[in-house]
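Heads up: the structure comes next, in structure tokens.
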């Protein structure tokens, strides 16, 4: 039998590895930024075009590479980070596999320019599909610039599976955030299609968070700090009232490496138990430092999963630390509701030494000193004593009773008595009643109909909003005082993209800045106090599922707004409101299902009811 096992060529092995390392342009951004950090750079610039599909370029001022290193760096398993298997358990760098550059070069056109500090001239290297096209000396500044062009040019199937530019850009920004948050001392800049997206100077952790997520984030942060023999915790958690329905602002860093850990997330969530609702997720930026020998990073090609030696201890410490921080800054409630906050001792005063209070004495004070007597004051007129307020009603009863014999008139009692299932002839219109402030029950000729009030209102609003967006503009109500709303820069960009559709629904935007939106008019159907929640939910829905076509974007916008504006479960409706809701529902094109294809109403005929009593 002939031998059938053979070694794969290098370019084929690189393409196989690229399937694990490079899923999308954001993966390239992550690998290149981490390489720049490992090169001890203090300033990093990220330039992308067409959401990274055309170009991803990272420029740093790190130590650079020699001519030999520049060529060797694109070989598989070539790395300067480790030299033996024992080094895997004492990692202080981002990369260690030696697969990233080789994988990227196998599926893209790569251009490398690099120079060390002591070299007079640098190196210019060009690679296409793992094949070196040219390697020439070049005059370049100290550091390294890597340009990745035409990603997946030789794998068209993978390129076709990429999402829209807005989705891919969001993933790139997420990776940029993770690296920038982990290294606040490094200056970062990001440009997309020639426009400046982020410009982050060197700073501390708190300032870096504020620079990324907006100036209003500063007042939301609660510091977290604890140090033990096993673990050191630093960072911030967001105050409970600023929790969101999305998991966007949740960051764990272990030894300056971003990780995803449901186990540690549960520890933080349990510390917030009782402070946030069940469907609200708390935000946090937590930096953990542990002994490198006690963790294993070599779990997944993306290096976002870590195994700990003693997970239970870390869980307990993290939960206790977050809970302690929420308590010491008066975030968590206390049981003593009569407690006077004026008697609280600030947390910073616990380690201060007491000082003797200073006493001031007024030596001229004499309580027995006689006060000068005031002379009698003569008024030029005589003051008469004013009548009491009771005199206003003296004789009023006799006068009113004498007018037209009003005392003989009997008035109808305001108390209405009757039964819910009383005579229908006394009622005008359809008989309806509300069950648990959630369902509207309406009798039929041969049974009854049960309507879910929230889903029914969603269907009504959805069709009305969709008609306003696509056909005609809705009516707006002008605000006496414009609303000033604060969002992060990426959220403002999302609202800017759907501004035209929102204006068709009734919103009027008087001003849009980098982190501030001013609204002078809102749709008639919503309250002013609900605008912030509606826009937050809208931004979250668009982030989770960004539509590509214009109609699907309008459809998503109408669905999201209808869900936010609809009558909630628990709201009591009077007879007229219930009848109006039913009439509006059956005037819709699709009254039987909600915008998300949930059943709006069901009917029970007499036979169904009879079966309950068999």
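Numbering (this note's numbering), first residue to last: 75 to 688. Cβ atoms here follow ideal geometry from the backbone N, Cα and C, with glycine treated the same way.
- Counting along the chain, the unbroken alpha helix (DSSP H) around residue 682 starts and ends at 680–685.
- Judged by DSSP secondary structure, residue 651 falls within the alpha helix (DSSP H) whose first and last residues are 649–659.
- The C-alpha of residue 379 is placed about 11 Å away from the C-alpha of residue 337.
- Counting C-beta atoms within 10 angstroms of its own C-beta, residue 351 has fewer than 16 neighbours from the protein chains shown and is therefore classed as exposed.
- Just measuring C-alpha positions, the residue of 590, 602, 435, 574 sitting nearest residue 555 is 602.
- Excluding the 5 residues flanking it on each side, residue 115 has same chain C-beta neighbours closer than 8 Å at 134, 135, 136, 217, 260, in chain order.
- Secondary structure note for residue 544: its alpha helix (DSSP H) is the uninterrupted segment 527–544.
- Under the DSSP assignment, residue 196 falls in the beta strand (DSSP E) whose first and last residues are 196–202.
- The beta-carbon distance between residue 289 and residue 589, rounded to whole angstroms, is 6 Å. This is short enough to meet the 8 Å contact definition.
- In the three-state DSSP reduction, residue 369 falls in the strand class (E or B).
- Non-local beta-carbon contacts of residue 189 in its own chain, meaning distances under 6 Å to residues more than five positions away in sequence, involve 138, 196, 214, 216 in chain order.
- Going by DSSP, residue 327 is part of the beta strand (DSSP E) stretching over 324–328.
- Judged by DSSP in its simplified three-state form, residue 639 adopts helix.
- By the Cβ criterion, the stretch 238–258 is in contact with the stretch 118–133, since at least three pairs of Cβ atoms, one from each stretch, lie closer than 8 Å.
- Rounded to the nearest angstrom, the gap between the Cα atoms of residue 652 and residue 232 is 53 Å.
- Note that the C-beta distance between residue 300 and residue 395 is below 7 Å.
- Within the DSSP bridge table, the entry for residue 217 names 189 as partners.
- Residue pairing from DSSP leaves residue 98 without any beta-bridge partner.
- When 220, 204, 180 are compared, the shortest CA-CA separation from residue 198 is found for 220.
- Residue pairing by DSSP places residue 308 opposite 299, 361 in a beta bridge.
- Just measuring C-alpha positions, the residue of 202, 362, 142 sitting nearest residue 193 is 142.
- Per the C-alpha coordinates, the member of 600, 587, 565 positioned closest to residue 581 is 600.
- Between residue 305 and residue 391, the C-beta gap is smaller than 7 Å, which places the two residues in contact.
- Inter-residue distance for residue 326 and residue 307 is about 11 Å (C-alpha atoms, whole angstroms).
- Per the Cβ contact rule, the stretch 505–523 is in contact with the stretch 660–678 (3 or more Cβ pairs under 8 Å).
- For residue 274, same chain residues with a beta-carbon under 8 Å away, outside a window of 5 residues either side, are 254, 261, 262, 263, 282, 285, 286 in chain order.
- Beta-bridge analysis with DSSP links residue 347 to 350.
- DSSP, read as helix, strand or coil, puts residue 588 in coil.
- Distance from the CA of residue 513 to the CA of residue 629, rounded to the nearest whole angstrom, comes to 26 Å.
- Nearest in C-alpha terms to residue 100, of all of 427, 239, 614, 310, is 239.
- When the Cα atoms are used, residue 98 and residue 183 turn out to be separated by approximately 15 Å.
- Taking residue 681 as reference, the option from 358, 519, 83, 385 with the minimal CA-CA separation is 519.
- Close CB contacts of residue 576 within its chain, under the 8 Å cut and outside five residues either way in sequence, are with 569, 583, 631 (chain order).
- Straight across, the Cα-Cα distance linking residue 646 with residue 508 is about 8 Å.
- Between residue 608 and residue 638, the CB-CB gap stays under 7 Å.
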